[in-house]
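Chains as they are written, first to last, in my numbering: chain A, -5 to 346; chain B, -5 to 346.
All residues carry an ideal CB built from backbone N, CA and C; glycine is no exception.
Computed from a predicted model, the values in this text were never measured in an experiment.
Just below is one structure, and these are the notes that go with it.
There are 2 protein chains.
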Amino acid sequence: MASNGAREPLLPQSPDPAPPKTNGQVSRRRYLRCRSAPLANVDPPEKTDIGSIHRFDSILGKLHPSFRTVALYLIGYLGIGAVIFYLVRHQITGKKTEGVLDAIYFTIVTMTTVGYGDLVPNSDLTKLLACAFVFTGMALVGLILSKAADYLVEKQEALIIKALHGNHEVGPTKILQEAEVNRKWYKFFVVFVLLVALIIMGTIFLVAVEKLDVIDAFYCVCCTITTLGYGDKSFSSEGGRVFAVFWILTGTICLAQLFLCIAEMNTEKRRKEITEMVLKRRITIADLEAADIDHDGTVGVAEFIIYKLKEMGKISQEDIALIMQQFEELDVDQSGTLSPSDLTLAQAPWPS
Amino acid sequence: MASNGAREPLLPQSPDPAPPKTNGQVSRRRYLRCRSAPLANVDPPEKTDIGSIHRFDSILGKLHPSFRTVALYLIGYLGIGAVIFYLVRHQITGKKTEGVLDAIYFTIVTMTTVGYGDLVPNSDLTKLLACAFVFTGMALVGLILSKAADYLVEKQEALIIKALHGNHEVGPTKILQEAEVNRKWYKFFVVFVLLVALIIMGTIFLVAVEKLDVIDAFYCVCCTITTLGYGDKSFSSEGGRVFAVFWILTGTICLAQLFLCIAEMNTEKRRKEITEMVLKRRITIADLEAADIDHDGTVGVAEFIIYKLKEMGKISQEDIALIMQQFEELDVDQSGTLSPSDLTLAQAPWPS
């Protein structure tokens, strides 16, 4: 990814330790950009796994790998919950329907912290079990939330890259900015539409199957997706609980995701304001002095970028210092620039 | 902050447009660092307000300004909730104690989504009111969570700056790294200790005042702080509800904060792994080519830093492109470096 065959090498391939002199006459007004620094692969083992997904034909197999991991956790959690609460079903009181279904329903109502109270533990053992399940359930819901966000973002990433590739000459900055804004709005839009659909679906279902009137049905929907769960209205029929098992989980996660989206959009807006503020600020001579990292008396474009990024709060002194340390280790001839010969001298030969 | 009187100016103060030549003989092995780029002030209007806090003598006045804003929202929310639910108290059924207290208690139980169900709305009006209050309550709890984190972090910031200042010669990188790790652990520790204290306090209170046995009390505590709220055990006495009003809010927020802490520490750990991976990777000639932002055939320390930061995913092409644009606007003489004369030519005179 980092090497592009079509481009001519800009650095001399000779092992001359002295850095090549700048002639100062290179055309400066062409569009400058830091080319093709590859983004670090966050989850390499998972990514290399993508190819193997197609071996499965199940729905689970077709899911995104990080989603699949979460789905497996969820199935494991619900499976263990169902078995345990089925075994102790006589120590749980309330409105009961079918044994296994009630156990799964109770697990879902507990893990999402809806806690209607239509089924309640009534022994010390089941009470402590419920405590254990609610804490682990919260952690699992948190995991689902973070992974769902990753998934949506990654799906959009492809579109952005395509947009960038197709319009390379028209100004990548603008496209990137728009893609970034669009991505956030797209995510918000998807989650919002899904949530409205789930609210309507839940209301209709409660009216049709649980025989509630419309206000009561809507009230029960709101009590559920917010995890409020007073419990005066809940799913008490067998059909209702089958629906509830799927609907409660998607509904609560969808609403939480919407709140996360709004929070992200707020953060993004604030960050954009800071960026604009930093970019609009007058540059003084004191700024030039402070930006001169290599103390050579001039501020190049890269030094300027680092100074501004630091001012924006996007990078910290720690980030810079660690990389500087590596630079100094690599810069064997202490010329202040890296040359191919520096690399040869500083880095041990490839292990054979 | 950006100008330091004790330091001699590194840039020539003459309006000579040609960049000063590097002599290549400057001592390179001294510790390089990008000096004193000021962090952008995130909330300037709030910050300038700090001085005015001391005019108030109340507890509220002594709080951190962003905390004060949230406290005002919270008081407003609880006040409105108390008034409204007091007015419609005859349309709420369940275990009742004193009118105003019940209204506040109901508001708290609703906003935190605990939703015991010991008090439930039983008219269309109160049901829709509860829906409105749970949504706004969730948003408010989210705000409290984010501000509480800010507060804890800012409190630590002072310690870090002090550590840096006191040990300037011993290696700022190490101190910054340790401070970063310590800050996360400190926050986790504070929240954890507070949560354990709240759990013990709640359990003892429920045993002493609500006359529950120890397991039931602990179970009710867990049901509450996780916002599960089955409602089979809740605060039914007048004294219990006074305690509950304060305890439920702090307990639920404390647990959510602990989960956030753990998530942050995980993110931090992953980020550190990526940083290490990027720093350990062999540098190839192709990397040098890609890192050469200004196309002058050499890779200086600043270019190297930007390349590595990009590889770590800490900065994006968008960030770089925007600042580059500003650089090109400022670099009037197109020398590829900024000089004081560039600044004079590019920036309009100060408005008088």
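Measuring straight from C-alpha to C-alpha, what distance separates residue i and residue j?
i      : j      : result
A/K274 : A/D313 : 25 Å
A/A250 : B/W179 : 27 Å
B/K121 : A/I209 : 8 Å
A/V103 : A/D286 : 59 Å
B/L66  : B/D288 : 51 Å
B/I300 : A/A296 : 7 Å
B/I309 : A/K302 : 12 Å
B/K181 : B/L192 : 16 Å
B/K205 : B/S228 : 11 Å
A/T291 : B/E323 : According to the sequence shown, residue 291 of chain A is Gly rather than Thr. Taking the straight line from one Cα to the other gives about 20 Å.
B/Y224 : A/I256 : 29 Å
A/V239 : B/E267 : 38 Å
B/R62  : A/M105 : 34 Å
A/A202 : B/T269 : 55 Å
A/I86  : A/T261 : 44 Å
B/K141 : B/T101 : 21 Å
B/V135 : B/T107 : 10 Å
B/G131 : B/G73  : 13 Å
For residue i, list the residues DSSP reports as bridge partners.
i      : result
B/G245 : Looking at the DSSP assignment, B/G245 forms no beta bridge with any residue, so it has no partner.
A/T87  : A/V114
A/V128 : None; A/V128 has no bridge partner.
A/D307 : The displayed chain sequence assigns Gly, not Asp, to residue 307 of chain A. According to DSSP, which records beta bridges pairwise, A/G307 is partnered with nothing at all.
B/V293 : A/L332
Is residue i close to chain B, meaning its C-beta is less than 8 Å from at least one C-beta of that chain?
i      : result
A/E297 : yes
A/T218 : no
A/F253 : yes
A/F321 : yes
A/D118 : yes
A/F129 : yes
A/G330 : yes
A/Q85  : no
A/C355 : Look at the range of chain A in this structure, -5 to 346, and you will see that residue 355 of chain A is not part of it.
A/K302 : yes
A/I185 : Per the sequence shown, residue 185 of chain A should be read as Val rather than Ile. So, not an interface residue.
A/L324 : yes
A/M195 : no
A/V239 : no
A/K368 : Since the first residue of chain A shown is -5 and the last is 346, residue 368 of chain A is not available in this structure.
Judging by CA-CA distance, which residue of the options is the nearest neighbour of residue i?
i      : options                           : result
A/L188 : A/A340, A/R265 and A/I219         : A/I219
A/H84  : A/T246, A/S310, A/S117 and A/E258 : A/S117
B/L81  : B/P115, B/L66, B/D325 and B/T197  : B/P115
B/Q341 : A/A211, A/T278, A/T244 and A/E283 : A/T278
A/V272 : B/L316, B/M195, B/N176 and B/E92  : B/L316
A/L113 : A/A126, A/K90 and A/V94           : A/K90
A/C216 : B/F212, B/V326, B/T244 and B/F129 : B/F129
A/R235 : A/A97, A/I78 and A/T331           : A/A97
B/A76  : B/T63, B/A124, B/C248 and B/V64   : B/A124
B/I247 : B/L139, B/R264, B/V201 and B/T107 : B/L139
A/F298 : B/Q311, B/S230, B/G330 and B/D207 : B/G330
B/F186 : B/L252, B/L137 and B/S231         : B/L252
A/G88  : B/I69, B/G109, B/D226 and B/G131  : B/D226
B/P334 : A/L337, A/Q328, A/A280 and A/G307 : A/A280
A/L137 : A/D336, A/K263, A/R265 and A/L68  : A/L68
B/V190 : B/S231, B/G245 and B/D336         : B/G245
A/Y110 : A/I198, A/L254, A/C214 and A/V326 : A/C214
B/L200 : B/L134, B/S230, B/L332 and B/G131 : B/S230
Using beta carbons (cut-off 8 Å, strictly below), is residue i in contact with chain A?
i      : result
B/A257 : yes
B/V190 : no
B/T244 : no
B/T269 : yes
B/L339 : no
B/K90  : no
B/G75  : no
Measuring from the CB of residue i, is there a heavy atom of the ligand GDP at a distance below 7 Å?
i      : result
B/S231 : This structure lacks the ligand GDP; in fact it carries no ligand of any kind.
Cβ-based contacts, 9 Å cut-off: residues of the stretch 276 to 293 of chain B near chain A
Correct list: R276, I277, T278, I279, A280, D281, L282, E283, A284, A285, D286, I287, D288, H289, D290, G291, T292 and V293.
Listed in chain order, which residues of the stretch 221 to 237 of chain A have Cβ atoms closer than 7 Å to some Cβ of chain B?
Taking 7 Å as the Cβ-Cβ cut-off against chain B, the residues of the stretch 221 to 237 of chain A that qualify are T221, L222, G223, Y224, G225 and D226.
Chain-ordered residues of the stretch 204 to 215 of chain A with a beta carbon less than 8 Å from chain B:
I209, D210, F212 and Y213
For the stretch 93 to 110 of chain A, which residues have a CB atom closer than 7 Å to at least one CB atom of chain B, in sequence order?
T104, T107 and G109
Please list the residues of the stretch 305 to 320 of chain B that have a C-beta atom closer than 8 Å to any C-beta atom in chain A, keeping them in chain order.
From the stretch 305 to 320 of chain B, only E305, M306, G307, K308, I309, S310, Q311, E312, D313, I314, A315, L316, I317, M318, Q319 and Q320 have a Cβ closer than 8 Å to chain A.
Pull out every residue of the stretch 61 to 72 of chain B whose Cβ sits closer than 8 Å to any Cβ of chain A, in chain order.
none
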